[in-house]
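Letter by letter, the sequence shown follows residues 2 to 686 in my numbering. As structure tokens, the structure follows; a few thoughts come after it.
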Amino acid sequence: MAFRLCFSFKTFVDITIPLTVITPAEQKTNIYCPSLTAYQRRKTISINIGGVPMGSDYPIRVQSMTTVDTMDTQGSIDEVIRMVESGCEYVRITAPSVKEAQNLENIRNGLHKLGIQVPLIADIHFTPNAAELAARIVEKVRINPGNYADRKRFEVIDYTDASYAAELERIREKFIPLVKICKEYGTAMRIGTNHGSLSDRILSRYGDTPLGMVESALEFLRICEELNYYNIALSMKSSNTQVMVEAYRLLVQRLDEEGLKPYPLHLGVTEAGEAEDGRIKSAVGIGTLLEDGLGDTVRVSLTEAPEKEAPVARALIERYTTRADHAPIEPIDHCPINPFQYTRRDTREVYNIGHLNVPRVIADYSNIEVQQLDDLKSIGHFFLLVPDKWAMNDQGADFIYSGKKPVPFMLPNGLREILDHSQWLAHAEKHIKFPLFEVAEWNAATEVSAELNFIKGDIHTFDQAFLNAVSDKKNVVLVLHTHNAHAMPEMRRFFYKLTELHFKLPVIINRSYQTDLGDKLTLYSATDIGGLLVDGFGDGALLSPEFPAGIAHSDKLKAAASYNSIAFGVLQAARTRMSKTEYISCPSCGRTLFDLQETTAMIRKHTEHLKGVKIGIMGCIVNGPGEMADADYGYVGMGKDKIALYRGQEVIKRSVHSSKAVEELIELIREDGRWIEPEEREILI
């Protein structure tokens with residue numbers, strides 16, 4: 002089948018493969034959106050959800066999920082009201098058993114008495130009988146194809162074609178009654194695949210892959226189409242942003258390839274976490290897809306109160322209300338990389354940038370005058386009077402761009418300075434500094450650094466003549482920026498060009514944002530930069546603050562700290578540079594067996610110094626070993642005050658009392674040799 006071709010060829014990053022290897026048919030399999038360069042929403046069918054339709058003919062909808070026990074009728078009603086007031090257009094409520102499904106009617110009736118007609122969605126795992134009951138009550142049911150008709154045993158089974166077909170027939174028998182009920186009652190359905198809860202059957206045949214995620218949904222979707230039931234939305238969620246983006250893209254391509262209807266897409270990153278990290282991770286995954294016109298409803302999954310989610314989703318969505326008016330970008334009729342499988346663009350190593358080096362972070366101090374040693378605390382470098390030396394935390398910037406304002410003292414060894422070319426030429430220590438050029442300055446330069454030169458420009462100034470002239474330079478790194486409102490796709494178009502030309506120049510991604518954007522700063526930068534990183538593009542990030550007039554020096558330093566933290570956060574969320582502990586924590590729901598926000602904060606307090614360790618914090622077994630698929634360790638609720646501890650997807654300790662669970666988690670990490678003692682001194686930055 003054609004879709005398998007997507008996985009059979011190498012990307013253009015490998016210069017040993019000529020362009021002629023990629024046939025037109027193979028290029029076609031890489032098309033997953035209406036346009037790679039012009040903003041245009043993907044055309045979908047419309048589906049009806051309680052009088053609030055979803056699809057490309059309507060605005061992108063916002064939704065979230067309740068966190069209180071579904072059997073708490075008044076508590077659920079009160080929470081739904083807060084969610085609706087915060088901007089939710091659909092509200093999802095868990096129904097883990099028949100009794101919760103039955104109580105959905107009481108919740109719905111209570112809301113209607115108050116004049117609140119928001120469509121309700123029943124969230125179903127493992128229980129077809131609860132789904133069949135809920136479908137008669139609420140406006141939509143969500144089923145997970147990984148556990149609707151399967152019980153996960155983490156077994157690898159060698160299926161023959163006949164035995165696999167028998168499994169599909171078993172699924173069909175369990176699923177058809179729900180489809181018929183939904184048709185009869187006009188109830189919508191979401192077939193929502195989760196990366197972490199793929200069935201043993203899917204894993205045995207397709208592996209833990211985006212292809213497996215897509216096929217898991219299509220098995221159920223084909224049954225729906227056979228029964229002429231089309232009131233369906235689809236989702237491909239994962240806590241891994243690379244996997245999530247690849248799966249949605251492949252889903253769209255497969256729907257088109259098989260001639261299935263273009264169903265609306267529900268976008269979400271599972272277990273995104275909390276605070277800045279949760280927002281960054283959500284934006285990297287969701288924003289990347291919105292940039293290409295994919296997505297018809299958004300749920301941002303934060304380990305926070307559900308009414309905090311809708312404003313974040315709205316901020317992501319509203320960025321695209323006028324996006325179609327952006328400046329034109331040179332069109333392209335194929336994707337020169339494999340968009341369904343991550344491969345980092347191969348570049349040459351220049352100094353410590355590119356090739357096998359992690360993406361670098363450059364702190365922009367060009368409008369911040371460094372006055373004293375403490376001014377570098379904002380970017381992770383701090384001077385210790387005792388023992389009279391510099392130290393650096395896990396988010397210490399790699400370079401500082403000081404522009405025309407050189408730092409007046411010797412920098413720590415872990416930090417290198419970049420100066421504007423004119424300032425660099427006049428500097429007494431230019432042999433240990435690096436220049437930044439505009440393209441015209443570079444073309445006219447008579448003196449450059451033998452080691453490392455940064456050249457700043459955009460897709461227009463980095464024209465073919467310029468690229469030909471620098472393509473073989475071993476001391477050049479490009480700094481790419483854009484003024485196009487459709488920023489990420491224009492920068493991506495430049496990376497496509499470098500890929501097709503086989504030019505191995507390293508590229509730093511540069512974006513500028515005003516400092517008064519609030520949450521939008523995090524969301525916009527994570528989308529613009531993260532959307533490139535998940536495709537393997539970019540050898541570093543340079544986030545430039547745009548200060549209002551008259552801002553105080555101390556406030557500039559606070560902004561520098563924020564921009565530096567965001568840059569490292571985006572690199573981590575895109576899985577390209579791990580600089581801190583990652584928490585894969587679910588957003589809580591009525592199934593949750595402990596206070597997720599409080600527990601996450603407690604675990605973070607004891608483990609946040611464990612650089613690169615991934616810890617899953619799941620409220621119940623539904624969001625247990627599967628949903629934290631790529632976590633190193635798991636903390637999972639299994640009953641009142643009872644916790645199960647996991648190493649990967651293997652349960653190590655069961656029924657640990659919650660009062661001792663964090664201590665036991667630390668001991669498990671210690672047994673694996675991954676525990677380090679936190680430093681006794683506290684560094685305040």
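For every residue, glycine included, the Cβ atom is placed at its ideal position computed from N, Cα and C.
Of the choices His610, Ser580, Gly274, Ile460, whose alpha-carbon is the least far from that of proline 332? By 1-based counting over the sequence shown, the position of residue 332 is 331. Of the listed residues, the one whose Cα sits closest to proline 332 is Ile460.
Whole angstroms is fine: what's the gap from isoleucine 125's alpha carbon to asparagine 241's? To locate residue 125, count along the sequence shown from 1; it is residue 124. To locate residue 241, count along the sequence shown from 1; it is residue 240. If you take the alpha carbons of isoleucine 125 and asparagine 241, they lie about 22 Å apart.
Output needed for histidine 424: all residues of its chain with C-beta closer than 6 Å, excluding positions within five of it in sequence on either side, in chain order. Numbered from its first residue, the sequence shown carries residue 424 at position 423. According to the sequence shown, residue 424 is glutamine rather than histidine. Lys405, listed in sequence order.
Distance between phenylalanine 384 and valine 477 (C-alpha atoms, nearest Å): Looking up residue 477 in the sequence shown gives position 476. Looking up residue 384 in the sequence shown gives position 383. So the alpha carbons of these two residues sit roughly 31 Å apart.
Three-state secondary structure (DSSP) at glutamine 64? Position 63 of the sequence shown holds residue 64. Residue state, collapsed to three classes: strand.
Starting from the N-terminal side, write out each stretch of the beta strand (DSSP E) that is 3 residues or longer and does not extend beyond the region 57–104. The region 57–104 contains these whole beta strand (DSSP E) runs: 62–66, 91–95.
Between Arg648, Pro211, Lys557, Ile233, which lies nearest to aspartate 365 when the distance is taken from Cα to Cα? Locating residue 365 in the sequence shown gives position 364, where the first residue counts as 1. For the residues Arg648, Pro211, Lys557, Ile233, the minimum Cα distance to aspartate 365 belongs to Lys557.
Does the region 246–257 come close enough to the region 208–225 to have 3 or more Cβ pairs within less than 8 Å? Verdict: yes, contact present.
Only counting the same chain, and skipping five residues up and downstream in sequence, which positions put a Cβ closer than 7 Å to that of valine 180? Within the sequence shown, residue 180 is the residue found at index 179, counting from 1. Excluding residues up to 5 positions away in sequence, Ile224, Cys225, Leu228, Tyr230 lie with their Cβ nearer than 7 Å to the Cβ of valine 180 in the same chain.
At what residues does the alpha helix (DSSP H) containing methionine 619 begin and finish? To locate residue 619, count along the sequence shown from 1; it is residue 618. Residue range 615–619 is occupied by the beta strand (DSSP E) that includes methionine 619, with no alpha helix (DSSP H) assigned at that position.
Can you tell me the Cβ-Cβ gap for isoleucine 287 and tyrosine 264, rounded? I've got them flagged as a contact below 8 Å. Position 286 of the sequence shown, counted from the first residue, corresponds to residue 287. Position 263 of the sequence shown, counted from the first residue, corresponds to residue 264. Distance from isoleucine 287 to tyrosine 264 at the Cβ level is roughly 18 Å; contact not present, criterion being Cβ atoms closer than 8 Å.
In its own chain, which residues sit with a C-beta less than 6 Å from the C-beta of glutamate 609, not counting the 5 before and 5 after it? The residue given as residue 609 occupies position 608 in the sequence shown. Apart from the 5 residues on each side of it in sequence, glutamate 609 sits with its Cβ closer than 6 Å to the Cβ of Thr582 in its chain, given in chain order.
Tell me, please, which residues DSSP counts as bridged to glycine 541. Within the sequence shown, the letter at position 540 stands for residue 541. Glycine 541 is bridged by DSSP to Arg361.
Mind checking whether tyrosine 525 and glutamate 547 have CB atoms under 8 Å apart? Along the sequence shown, read from residue 1 onward, the residue named residue 525 stands at position 524. Along the sequence shown, read from residue 1 onward, the residue named residue 547 stands at position 546. Between tyrosine 525 and glutamate 547, the C-beta spacing is not below 8 Å.
Proximity of aspartate 297 and serine 36 at Cβ, strictly below 8 Å: In the sequence shown, residue 297 corresponds to position 296, counting from 1. In the sequence shown, residue 36 corresponds to position 35, counting from 1. Contact flag unset, no.
Measuring straight from C-alpha to C-alpha, what distance separates lysine 309 and glutamate 101? Translated into positions along the sequence shown, residue 309 becomes position 308. Translated into positions along the sequence shown, residue 101 becomes position 100. Inter-residue distance for lysine 309 and glutamate 101 is about 25 Å (C-alpha atoms, whole angstroms).
Taking the straight line between their C-alpha atoms, what separation do you get for lysine 498 and aspartate 347? As a working note, residue 498 is residue 497 in the sequence shown. As a working note, residue 347 is residue 346 in the sequence shown. One C-alpha to the other measures close to 14 Å.
Going by DSSP, which residues form a beta bridge with glycine 638? Reading the sequence shown from its first residue, position 637 is the one you call residue 638. In the DSSP output, where bridge partners are listed per residue, glycine 638 has Ile644.
On the CB-based measure, 16 or more other CB atoms within 10 Å of its CB, does leucine 669 come out buried or exposed? Taking the first residue of the sequence shown as 1, we reach residue 669 at position 668. Flag for leucine 669 reads buried.
Would serine 98 pass as a contact of alanine 131 if the rule is Cβ separation under 8 Å? Here residue 98 refers to the residue found at position 97 when the sequence shown is read from its first residue. Here residue 131 refers to the residue found at position 130 when the sequence shown is read from its first residue. Less than 8 Å separates the beta-carbon of serine 98 from that of alanine 131.
Quick check: the region 611–618 against the region 630–639, are there 3 or more CB pairs under 8 Å? Touching, yes.
At least 3 beta-carbon pairs within less than 8 Å: the region 376–391 vs the region 549–569: With the cut-off at 8 Å, the region 376–391 and the region 549–569 touch.
Through-space distance from valine 480 to phenylalanine 569, alpha-carbon basis: Taking the sequence shown and counting its residues from 1, the one referred to as residue 569 is at position 568. Taking the sequence shown and counting its residues from 1, the one referred to as residue 480 is at position 479. Those two C-alpha atoms are separated by around 18 Å.
Could you check if alanine 325 is buried or exposed, using at least 16 other CB atoms within 10 Å of its CB as the buried criterion? Here residue 325 is taken as the residue at index 324 of the sequence shown, counted from 1. So alanine 325 ends up on the exposed side.
Round the Cβ separation of histidine 267 and leucine 290 to the nearest angstrom and send it over; I've been treating them as touching at under 8 Å. Along the sequence shown, one-based indexing puts residue 267 at 266. Along the sequence shown, one-based indexing puts residue 290 at 289. Not quite, the Cβ-Cβ distance comes to about 11 Å (not below 8 Å), so this is no contact.
CB contact flag (valine 119, valine 69, <8 Å): Residue numbering aside, residue 119 sits at position 118 when the sequence shown is read from its first letter. Residue numbering aside, residue 69 sits at position 68 when the sequence shown is read from its first letter. Not in contact: valine 119 and valine 69 (Cβ atoms no closer than 8 Å).
Is DSSP giving isoleucine 677 helix, strand or coil here? By 1-based counting over the sequence shown, the position of residue 677 is 676. In this structure, isoleucine 677 counts as coil in the three-state DSSP scheme.
Under a three-way DSSP split, which group does leucine 303 fall into? Within the sequence shown, the letter at position 302 stands for residue 303. Leucine 303 carries a strand assignment under DSSP once its states are collapsed to helix, strand and coil.
Please state the DSSP three-state secondary structure of glutamate 331. Counted from its first residue, the sequence shown places residue 331 at position 330. Coil.
Using only the alpha-carbon positions, how far apart do arginine 675 and proline 337 sit? As a working mapping, residue 675 is identified with position 674 in the sequence shown. As a working mapping, residue 337 is identified with position 336 in the sequence shown. Each residue's CA atom was taken as its position, placing arginine 675 and proline 337 some 40 Å apart.
For threonine 74 and threonine 95, which I take to be in contact (beta-carbon distance under 8 Å), what is that distance rounded to the nearest angstrom? Taking the sequence shown and counting its residues from 1, the one referred to as residue 74 is at position 73. Taking the sequence shown and counting its residues from 1, the one referred to as residue 95 is at position 94. About 14 Å separates the two Cβ atoms, so there is no contact after all.
So valine 571 and isoleucine 530 are supposed to be a Cβ contact under 8 Å. How far apart are they, rounded? On the sequence shown, position 570 is the one that residue 571 refers to. On the sequence shown, position 529 is the one that residue 530 refers to. Taking a contact as a CB-CB distance under 8 Å, the pair valine 571 and isoleucine 530 counts as one, their CB atoms being some 5 Å apart.
According to DSSP, is valine 180 helix, strand or coil? By 1-based counting over the sequence shown, the position of residue 180 is 179. Valine 180: helix per DSSP, three-state reduction.
Endpoints, beta strand (DSSP E) assigned at methionine 245: Taking the sequence shown and counting its residues from 1, one reaches residue 245 at position 244. Here methionine 245 belongs to no beta strand (DSSP E); instead the alpha helix (DSSP H) covers 242–259.
Can you tell me which of the three DSSP states tyrosine 40 falls into? As a first step, residue 40 must be located in the sequence shown, where it is residue number 39. Tyrosine 40 falls in the coil class under three-state DSSP.
Going along the chain, which residues of its own chain have a beta-carbon closer than 7 Å to the beta-carbon of histidine 607, five neighbours each way excluded? In the sequence shown, the residue the question calls residue 607 occupies position 606. Around histidine 607: Val663, Ile667.
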